[in-house]
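All the letters of the sequence shown, read from the start, carry residue numbers 280 to 429 under this note's numbering. Where is the CB? At the ideal position from N, CA and C, for every residue including glycine.
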Amino acid sequence: MKRIIIIAVLALVVVFPVTAASTSWAAGLNIGTGASLAGQFQMDKFKLNANLGYGFVSKYVAADVWADYQVYEFNINKARFGVTAGAGANIGVAQKAFGLAVIVPVGVVYRLENQNFPLDFYLRVQPGVAILPDVGFHIDAYIGAVWRFK
Numbered sequence: 280m281k282r283i284i285i286i287a288v289l290a291l292v293v294v295f296p297v298t299a300a301s302t303s304w305a306a307g308l309n310i311g312t313g314a315s316l317a318g319q320f321q322m323d324k325f326k327l328n329a330n331l332g333y334g335f336v337s338k339y340v341a342a343d344v345w346a347d348y349q350v351y352e353f354n355i356n357k358a359r360f361g362v363t364a365g366a367g368a369n370i371g372v373a374q375k376a377f378g379l380a381v382i383v384p385v386g387v388v389y390r391l392e393n394q395n396f397p398l399d400f401y402l403r404v405q406p407g408v409a410i411l412p413d414v415g416f417h418i419d420a421y422i423g424a425v426w427r428f429k
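Structure, rendered in structure tokens:
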């Protein structure tokens, strides 16, 4: 379990600084069916995302990696919201058992437009199909926030 966490942290440390030079990246926290650290790399309406955390329901350490795209935008008064959809994978480890699922994250994002307080708030649901150890239904849901770095 420690190796997985170390590998994931090293991957984030290597990938994000290299890619952040040409666009923006963000880091934050999620809470819901689990608690996790979140990382994002954004290129206009397209994002690469990664989470590393612990699942409260299944009692596992998990990592999610996916890409999503803002498919729709709407306003409530002056607040602008985006609807995102994507695809990726969830990898979980619990007491020497290994799990793998294909996920389809769908979410709603609210971005603060304040330059001094660059936060994104979101609600995300990640339904999917578990492939390992057995084929079945997989779901995660959470709210979160990330601080955007330029």
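Residue(s) in a DSSP beta bridge with residue i
{"i": "residue 410", "result": "For residue 410, which the question treats as bridged, DSSP gives no partner whatsoever."}
{"i": "residue 340", "result": "333 and 372"}
{"i": "residue 326", "result": "321 and 347"}
Rounded separation between residue i and residue j - CA only
{"i": "residue 311", "j": "residue 403", "result": "9 Å"}
{"i": "residue 306", "j": "residue 316", "result": "7 Å"}
{"i": "residue 354", "j": "residue 373", "result": "41 Å"}
{"i": "residue 318", "j": "residue 328", "result": "6 Å"}
{"i": "residue 389", "j": "residue 414", "result": "34 Å"}
{"i": "residue 366", "j": "residue 384", "result": "6 Å"}
{"i": "residue 376", "j": "residue 342", "result": "14 Å"}
### Contained beta strand (DSSP E) runs [length at least 3] in the stretch 345-428, N- to C-terminal order
358-373, 376-382, 385-390, 398-411 and 415-428
### Message
Contact between the stretch 365-385 and the stretch 407-419 is defined here as three or more beta-carbon pairs at a separation below 8 Å; is this criterion met?
### Response
yes
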